[in-house]
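Engineer:
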Amino acid sequence: MLLTPREKDKLLIAMAATAIVLVFFAIDTLRNAPETFAAIVAITALAVVLDLIWKRVRGPVGSPA
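Take the sequence shown: its position 43, counted from the start at 1, is 330 in the numbering used here, and no numbers get skipped.
1) What separation, rounded to the nearest whole angstrom, lies between the Cα atoms of residue 320 and residue 289?
2) Which of helix, strand or coil does DSSP assign to residue 288?
3) Can you give me the C-alpha to C-alpha distance between residue 349 and residue 341, rounded to a whole angstrom?
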């Protein structure tokens, strides 16, 4: 999929805005509800670990079972 320069700019602005909102959310959560922040970090880490394990167990995509 090819994007025009204008579409690329819009995409970058949208990604930057999303990142800024997530950073403010993380800082606010860390200050006001550290238990919730720790739970979010733990769940995210668990999701990444489980995804890596699943990809390793599954093997290459398209291989016969």
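For every residue, glycine included, the Cβ atom is placed at its ideal position computed from N, Cα and C.
On a predicted model such as this, the values are computed, not experimentally measured, just so you know.
Structural biologist: On the basis of the coordinates in this document:
1) 42 Å
2) coil
3) 15 Å
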